[in-house]
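One structure is given here, and the rest of the page talks about it.
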Amino acid sequence: MRACGIVTLTTDFGLDDAYVAQLHGALLRAAPSPAQGALRIVDVSHAVPPGDATAALFLSECAWPAFPAGSVHVLVVDPGVGSDRGLVAIETAEAWLVGPDTGVLSSGLPASMRPAAATARSPLAGGMAAADIRETPLAAAEVSRTFHGRDLMAPVAAAIASGRGLESVGPAVSVVTVAAPLASPVIDGAGEGRILHVDRFGNAITSFRASQAGAAFEVEVGGRTVAGPAATYAAGGTAVVALPSSSGYVELALANGSAAEALGVGRGDPVRLRRRSSGG
Amino acid sequence: MRACGIVTLTTDFGLDDAYVAQLHGALLRAAPSPAQGALRIVDVSHAVPPGDATAALFLSECAWPAFPAGSVHVLVVDPGVGSDRGLVAIETAEAWLVGPDTGVLSSGLPASMRPAAATARSPLAGGMAAADIRETPLAAAEVSRTFHGRDLMAPVAAAIASGRGLESVGPAVSVVTVAAPLASPVIDGAGEGRILHVDRFGNAITSFRASQAGAAFEVEVGGRTVAGPAATYAAGGTAVVALPSSSGYVELALANGSAAEALGVGRGDPVRLRRRSSGG
Amino acid sequence: MRACGIVTLTTDFGLDDAYVAQLHGALLRAAPSPAQGALRIVDVSHAVPPGDATAALFLSECAWPAFPAGSVHVLVVDPGVGSDRGLVAIETAEAWLVGPDTGVLSSGLPASMRPAAATARSPLAGGMAAADIRETPLAAAEVSRTFHGRDLMAPVAAAIASGRGLESVGPAVSVVTVAAPLASPVIDGAGEGRILHVDRFGNAITSFRASQAGAAFEVEVGGRTVAGPAATYAAGGTAVVALPSSSGYVELALANGSAAEALGVGRGDPVRLRRRSSGG
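Chains V, W and L are the protein sequences, given in the same order. Numbering-wise, this note's numbering puts 259 at position 259 of the first sequence, and it's gapless, one number per residue. Positions in the second sequence are counted from 1; adding 1000 to them yields this note's numbering. Positions in the third sequence are counted from 1; adding 2000 to them yields this note's numbering.
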């Protein structure tokens, strides 16, 4: 794969501190010609709740596939910074991933590598490569104890986005930490899941993949049963609808209102899915 | 007009979800050479309150004129997504506008097209062109029911910004939906208006154009009368002043404080304007 | 020094209004070839509390050194806009600074120019240059009374970033307003300081430079004594630790929690530092 020059940033830094700017600065300092536009930096989001790996997995799963092949995705949700947690750069068939080796990069990894539950150490799938960047020769002159995003990940990401190979950023590794998929299994048309995320509009995204929910289903949530799929947000009038979200999950929504509020549910709350005959 | 390569984004997505990143990604995927810097994406604001067309009109009216001619302005405030609302790309004398055909793009349209009140279907002014992009051939491979910003508007905007003509994005249309101006009429030196917006500083921007308020005026608001125009924020000392805002409206402001709080007013509250003799 | 084409923006505008977009637009309009990527605009942060010069000094001190030499740093925290406060562009050995001549640009100035307390008028250090840009020939066609960031600073910054010399932006000045350093003095291994900043994670950054705190020290804060330096956030287990922050100050932190909350302290609260023998 050829780097396309794009570096995306996903962090739990918020926008009130100088940390995001320091990441941008470190990327630009490391890029061969900062002003030429050869490096394009895109902020995915910096609103991951502090240290929340699950939120980071959801956000990156939604965002990363939208970018061109050859992008470098940096994810800095790193509560273990300074400890002995690993730090890796991984090359997949579509992109490079740079971040802590804690499983938090898993949304960019092939399904075949992901364990059924929790996290596991998994060998890289065929055609992939990875490097341990904890002691990368590209590190900042002085590496802080608390900001490896700036001092290690940014220079590595800039180098990869500029076309340098993984061998130049650190020693090869063949096994990385991988987290289970966020999606809940649907077996014989039924599943037990949870609310993965409530978005700004109050849409509640469940952990069921729409592709597994079938042509007709119902969702039990907050003591209510919602039949789906609806064709549009507006289809339910003033009632909550269930429909495929723009990221492929079953989503509960309310036209011009908050489904989460109407249902009295929040992130993590349990949800049940049941297929139904389409006439049901 | 020639595209200048700039695409601006104004949405009600907030910055906590992956939606803004997905827009950026879709634009970059659709651009011919993502890394070359040929496309420049600028976030105007993603803080439009969900579905709030009036706020979007105010924000875009302030922001869009600041950009170079030939920019492509994308506005995704689209509560009717998935319904039969129209979706258009419009070429004006200064820019292209891409978004729902609900009137929400009106800040970029010539004054001659805008109705006196509410919204109306208006023929395009001379020299303009528009296309219906609901079934654009540039659409994403799979079009979601809930995110036409990503699946339809972004590829259209990227194509236009890259120099492709409107004829390539969808069939021509000659009539679009247009909303009334936000500005309140001032007749014989008097007008009844409202607070259009309260900004982060507590400045309360009224719906009166400063150019219509005359050389000396007074504003009745929250039971108080404020004479204007003041020369600067500081001119009033610890009192609220009225002066031309940076976007051309009469603005109520308080040096080192919040005028909105001092006056006890918020967005939508009524305001009266009266011209006065400059000695008054 | 040669401009590298980067312009950074630090303001108290927030992200809900159109002001940041207007800055971007004004920069792009002033740049010779907006679409070519010759100008790169980076948002440092727009979350400076309204008019808060001290917060701006801290943020810029953390962020600016991260950028490549030859960057142009624009800082718009300008409660005196429209008054007779000065407005300057300053060339240092590393960068250009553009903003109000109130001392708020001081983080980019050499230590030798900074007074011990408050603000003072200081002659430029050797090799530096500055221009008064209040009446810059590059001003917008119509200069507002309330938004000099857009109407004066942006066109000046774009010109400098595009390679134009300071002589083209306004008349030379040789004395500018400079604020005292944020760092508190440490004398004979002891100092009285304050909490400079509490970040999103609840880390409380003190006003003591880590380089002055010595190999072993203790911090008195909120009625507690914290020994330092710790090697990592995690080193303290469930207790607050003191360690060098990523910007070089002594920072109080709590693994997976908020040190500020645990200590019951906030920005501005007093802190004492005392060196200790490393065995202590």
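C-beta atoms are modelled at their ideal positions from N, C-alpha and C, and glycine is treated no differently.
- For Thr177(V), the beta-bridge partners assigned by DSSP are Arg121(V).
- Of all residues in the region 2183-2206 of chain L, none places a beta-carbon less than 9 Å from a beta-carbon of chain W.
- CA-to-CA, the gap between Arg1114(W) and Glu1091(W) works out to about 16 Å.
- Ala2255(L) and Ala2262(L) have their C-alpha atoms spaced approximately 11 Å apart.
- Taking 9 Å as the cut-off, the Cβ atoms of Ala172(V) and Ala129(V) count as close.
- Runs of alpha helix (DSSP H) with 4 or more residues, each lying fully within the region 1195-1270 of chain W, are found at 1210-1213, 1259-1263, listed in chain order.
- According to the DSSP assignment, Ser1060(W) belongs to the alpha helix (DSSP H) that extends over 1053-1063.
- Our two residues, Glu1218(W) and Ala1253(W), have alpha carbons roughly 14 Å apart in a direct line.
- Burial of Ile2195(L) is indicated by the presence of at least 16 other C-beta atoms within 10 angstroms of its C-beta.
- By the Cβ-count criterion, Glu2061(L) is buried, with 16 or more other Cβ atoms from all chains shown falling within 10 Å of its own Cβ.
- Of all C-beta pairs linking the region 153-163 of chain V to the region 130-139 of chain V, three or more are shorter than 8 Å, placing the two stretches in contact.
- Secondary structure note for Ala1038(W): it is in no alpha helix (DSSP H), with a DSSP letter that is neither H nor E.
- Listed along chain L, the residues sitting closer than 7 Å to Thr1232(W) by beta-carbon distance are Gly2082, Ser2083, Arg2145.
- Looking from the CA of Gly189(V), the closest CA among Gly51(V), Asp43(V), Gln22(V), Arg274(V) belongs to Arg274(V).
- Linking Arg2(V) to Thr10(V) through their CA atoms gives a straight-line distance of about 22 Å.
- Separation of Asp2101(L) and Glu2220(L) (C-alpha to C-alpha, rounded to the nearest whole angstrom) is 36 Å.
- Arg2150(L) carries a helical assignment under DSSP once its states are collapsed to helix, strand and coil.
- Nearest to Val2169(L) by C-alpha distance, out of Thr2136(L), Ala2118(L), Pro2032(L), Val2081(L), is Thr2136(L).
- Nearest neighbour of Ala1161(W) by Cα position, chosen from His1046(W), Asp1017(W), Leu1039(W), turns out to be Leu1039(W).
- Annotated three-state conformation of Leu1138(W) is coil, per DSSP.
- Contact between Leu2105(L) and Leu2097(L) holds: CB atoms are separated by about 4 Å, below the 8 Å threshold.
- Inclusion of Tyr249(V) and Ile187(V) in the CB contact set at 9 Å is not warranted, their separation being larger than that value.
- With respect to the C-alpha of Glu167(V), the residue from Ser144(V), Leu138(V), Asp151(V) having the closest C-alpha is Leu138(V).
- Bridge partners of Ala1066(W) according to DSSP: none are assigned.
- Spatial neighbours of Ser112(V) in its own chain (CB-CB distance under 8 Å, excluding positions within 5 residues in sequence) are listed in chain order as Ala125.
- For the pair Ile1006(W) and Phe1067(W), the CB atoms are nearer than the 9 Å cut-off.
- Contact between Gln2022(L) and Arg2145(L) fails: their C-beta atoms lie close to 15 Å from each other, not under 8 Å.
- Excluding the 5 residues flanking it on each side, Ser247(V) has same chain C-beta neighbours closer than 8 Å at Glu61, Cys62, Ile205, in chain order.
- Less than 9 Å divides the Cβ of Ser83(V) from the Cβ of Ala2234(L).
- Identification of chain W residues near Leu2243(L) by a Cβ-Cβ cut-off of 9 Å yields none; the smallest Cβ-Cβ distance measures about 30 Å.
- When the Cα atoms are used, His2148(L) and Val2081(L) turn out to be separated by approximately 7 Å.
- Going by DSSP, Val88(V) is part of the beta strand (DSSP E) stretching over 87-91.
- The closest CA to that of Arg272(V), considering only Phe208(V), Ala230(V), Gly237(V), Gly236(V), is found on Phe208(V).
- Judged by DSSP in its simplified three-state form, Ala2003(L) adopts coil rather than helix or strand.
- At the C-beta level, Gly2014(L) and Arg1276(W) stay beyond 9 Å of one another.
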